[in-house]
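Protein chains in written order, with this note's numbering: chain E, 5 to 474; chain G, 5 to 474.
This report concerns only the one structure given below.
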C-alpha cells in the first residue's frame, strides 16, 4: 500500500507537535496537509456557490419531464452536452444505447359501488393497459405483497387486487426497499391469482393526493404477463380502505392505456476532467438525467445532476491544475425504467472497469449528507476514515463499509469497482419521488451547497491521493 | 332590554363578594349561573365527543365530491336527511331550489415553445370552454388583475393572459379576499382586452402541484362573455414565470371543455331542535353540503357540517329540556357556485327573518377557533361580551363587531339578522381549499372538538338567554 508508507512518514513528523493529530495518524492513513487544505478550501467555496441550484433550475425548466426514450430525454441529453461543454469539461460525449419505450396513456379510476366517486391513480411503469373500456371488478384487499403471494392460483378471477401496505418514513430511506416489493411484483402475483387488475397504495410517504409511479419488475424471459397495475395516492388508498370497512362488496373501474413500444435511442452523457498524472485512472461521479414523466424530476434526479456537475465544476474553477486522476461525470440515461444506462455503461467500459478507482452516485434528493459509507478493501479503510475526517466538519459521520454507491452503481459495484455513499437525509424524499409534485420549488436555493462541498472534497481527494481502494 | 334589567339585579348581589365579578357585571350583562354552568358542561362534553369527525368521515366517504346540481349533491342531501333524522332532530326537510349546472370536462395545458412540457391546470367554475381542439397563443403575464384592467381593449388579441399574483398566508384568511379578485374577473378582463384564454396562479397557499378551482363571477345580465379560464398550480405558475424570464415568446396550449347546462334541482337541508318557550325564534347554525368536484370536500365544508351537527347533537343528547328558542341547522346547497342555497333560504324565509335571533356558519376548515366576532346592535354588545367570556377558556379571544357570519350568511346579514363569527385558524386552509387534496386525512380525529365545544356553548347560550341581539 502506497498510502501506508506515506502515512507513516507524515505521522512521525506531526506527532511531535499534536497528540490529537497523532491519534488520527495512528489509524493508518495521512492526508498531506496541502491536499487536506485544498479539500477544505473546496468545501468553503461550495458554501457560497449557487451553481448546483442553477443547473437544477435550468434542467427542470428548459427540459422538464424526461422519461426514458422520449423526445424529452433526448432534449435532456442535448442540454447536458451543451451545459457540460460550456462549463469547460473535456471529452463531453454521448454514449448511446437502446431502451424499450413505455408511454403513459389515459388513466382514471373510480369506485362504482357502494359510493361512486373518482380515485386518483397513476399506472406503474411497464404496466399493461386495460384498453379504453377499462376493467371493472370487486376489490379484494391484501395487507402486503406477501399476503397476495398466498392467494391460490385462479382464486381472484374477475377481482381487482388492492395492496394497502404503508411505507415507513426514515432518514435513510430504508422503508423504500420494503415497500417497493409490491410495486415490482403486484402485477405478476395478481395475474397468477387470476385477478383482472391491481391497485397498490403508492410507494411513498406523502399524505397529499399524488399517486407515485415507478417501474414494475420487467417481464421475465419466461414471458409471464402482469395485469394492468396502478398506484393509488395515499388519500385514495385510505378512502378505498374505508369503503371496504362497510358491509358489502366494493366495485371499482380502472382505465389505463399505456403502450409498450419497440426500443428507441437513449444514452449516457460523459464528461471529464482529465487527470494530470494518471489520466487512465477514473474517479466516477454519477447522477441520472432521465426522470419519471409526472413531475419535472427536480429531486429525482436533477438535484443529483446539479450536485455532481457543480462539484466537478468547482474543481475545474478552483484548482491550479487537475487532480492526478481523471474525474469522470456520467449522467446516466434510462435509470428509472430499470438501470438501462447503468448496464450500458458497464458493458461499454467493461475493459476499463479495473481502472475505475472509485465510483459514486447522487440520487436521493436535495437533503443534507449525514453519513459517508464506503465499500473498500479492508486495507483501504484507513484511507476511507481519513477522507471521512475531512468531511466531518460538514456534519457527516463515518458510516460502514457496505455502501451501495447509488442505483446506477449496481453493475460497477458487482464488477468490483469500489464505491462510496454520501448518504443524504431522505426523510422527505419519498413525499415527492415519482410524483407530479417533484418540482423545482421543493429545493431551496442553498439546499445543495453542503452536498456540493462534500462531493467536491471527496472527488478531489479520491482523484489526488495516492491510494488504492480495492 | 330584558337583558340589562336582569344583569343589574344579579350584579348588585354578586358585587358584595367579588370585585372582579363586579367588574364583569359592570359591563352590563350577566349570564345566570345555572346557564353558564350548562354551557361549560357542554364544552367539557365536547372534548370527549367524536361525533363531528364521524360525520365528516361519513359524508366524505359515502358521498365524496358533491358539486352543486350533480347527482352527487343529491346523494349528499339524502345522506343529510337520513343522518339528521337518525340523530333525532325535528322537522328534518329539504327545501328545494334550482341551480345552473356547470360540468368540468377535459382539462390540460402545455408549454409549446420554447420548453415543451405539460402544465397542471383546473378550469374555474363557470368558465367557458376552448373546445376539444384547445387554444394556442403567446403568454402575456400580468402581476395582478389591476394590471390586466389597464390593458387597452383589443390589445391582447390572440394572446393568453397569465395573472401571476401570489396569495398571502394568514390566520384570518385575509389574503383570500385580495387574491380572489383575479379568479372572479380574469375571464372578463381578458375578454375585454381581446385575449383568447386566461390562466391565473391558483388562489391558494399550497406549494404542492394542485390547481385550485373556484367560481368566477357569474356572467352579468349585460351578457358579457368571458374567455376560457383556468388556474395553474403554484409550481406550474412558477415554471411558466421562469420560462418567461428567458428571451423570446412563450407559447402555450390550453384545452378545457366544461359545459354550462340548464338549471337542475338542488336544495338546502333543514333540521331543528324546537324551542321550549319561543319556538318561532330561531338561532341558525349553518354549513354547506356541496363541495367542489376535485376533492372530497373535507375541510370545505364537511368539517363545518360535522361541527354544527355535532354541536346541536350535543345539546340534544345533554340537555334535560330543549333551550327556550329553536336551534335550526341549515346545510346549504350550492354554496360554491355562488351562494345559491343561501339566497334561496333568505327568499323562502323572508317573512320570518325578523325572528332569526342570530345566525352563524362554520365554513373555514378544521382549525381551532381563536376569535369570537359579533355583528350586534350596540345595546347587545355586553351580551356578546358575556358569551365571549364563557368561550374564553377554549382559547377564544373577543373580537370586534364586524362579523360576516360566513359566506352563506350574506343575505341574512343584509336583511338585518345579527350574526357572529367563531373564527377558525385558517393558516393552512387555503393549502387544501378547492383542490383535489381536500380529503379526510387532512383532519385529525380530535381536531374538531374545540370547534364543537364553542358552537355548542354559543348556540345554547343564544337559544337560552333572555337577550335581543338586534
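Beta carbons are placed, not taken as given, at the ideal position from N, Cα and C, and that holds for glycine.
Taking C-beta atoms as the reference points, residue 369/E and residue 303/E count as a pair closer than 8 Å.
For residue 373/G, the uninterrupted beta strand (DSSP E) segment begins and ends at 373 to 379. Bridge partners of residue 269/E according to DSSP: 102/E. Under the Cβ criterion of 8 Å, residue 441/G is counted among the residues facing chain E. If you draw a straight line from the Cα of residue 147/E to the Cα of residue 281/G, it is about 56 Å long. Your pair residue 336/G and residue 290/G checks out as a contact, with CB atoms roughly 6 Å apart and the cut at 8 Å.
Close to chain G, meaning a Cβ-Cβ distance shorter than 7 Å, are the following residues of the stretch 204 to 218 of chain E: 211, 212, 213. One Cα belongs to residue 109/E, the other to residue 264/E, and the distance between them is close to 11 Å. Setting aside the 5 residues that flank it on each side, residue 84/G is surrounded in the same chain by 273, 293, 335, each with a C-beta closer than 7 Å to its C-beta; the list follows chain order.
DSSP places residue 329/E within a strand segment (E or B) once states are collapsed to three.
The alpha-carbon of residue 163/G is positioned some 7 Å away from that of residue 144/G. The three-state reading of DSSP puts residue 254/E in coil, since its state is none of H, G, I, E or B. Judged by pairs of C-beta atoms under 8 Å, the stretch 101 to 119 of chain E does not touch the stretch 374 to 394 of chain E, as fewer than three such pairs exist. Counted as a single uninterrupted DSSP element, the alpha helix (DSSP H) harbouring residue 82/G occupies residues 75 to 91.
DSSP places residue 42/G inside the alpha helix (DSSP H), whose first and last residues are 37 to 51. Under the Cβ distance rule, residue 242/E counts among the residues neighbouring chain G, one pair being separated by less than 8 Å. With a threshold of 8 Å between beta carbons, residue 82/G makes no contact with chain E. Annotated as proximal: residue 87/E and residue 59/E, with beta-carbon spacing under 8 Å.
Contact annotation: residue 139/E and residue 262/E have beta-carbon atoms that are not nearer than 8 Å.
About 15 Å separates the Cβ atoms of residue 421/E and residue 462/E, ruling out a contact at the 8 Å cut-off.
Residues of the stretch 262 to 280 of chain E whose Cβ lies closer than 7 Å to any Cβ of chain G: none. Ranked by Cα distance from residue 467/E, the options 328/E, 267/E, 269/E are led by 328/E. Residue-level contact by beta carbon holds for residue 121/E and chain G, with a gap shorter than 8 Å.
When C-beta distances to chain E are compared with 9 Å, the residues of the stretch 57 to 76 of chain G below that value are 61, 64, 65, 66, 67, 68, 69, 75, 76, in chain order. Between residue 454/G and residue 269/G, the CB-CB gap reaches or exceeds 8 Å. About 15 Å separates the CB atoms of residue 72/G and residue 309/G; that is not less than 8 Å, and the two are not in contact. Residue range 423 to 428 is occupied by the beta strand (DSSP E) that includes residue 425/G. Between residue 180/E and residue 228/E, the gap from beta carbon to beta carbon reaches 8 Å or more. Per DSSP, residue 284/G has no beta-bridge partner at all. Between residue 152/E and residue 194/E, the gap from beta carbon to beta carbon is short of 8 Å. Judged by DSSP in its simplified three-state form, residue 122/E adopts strand. For residue 311/E, the uninterrupted alpha helix (DSSP H) segment begins and ends at 307 to 322. Around the C-beta of residue 250/G, fewer than 16 other C-beta atoms lie within 10 Å, and the residue is accordingly described as exposed. Restricting attention to 238/G, 51/G, 404/G, the CA atom closest to the CA of residue 452/G is found in 51/G. The straight-line gap separating the alpha-carbon atoms of residue 159/E and residue 314/E is approximately 54 Å. For residue 352/G, the nearest beta carbon of chain E is not closer than 8 Å to its own beta carbon.
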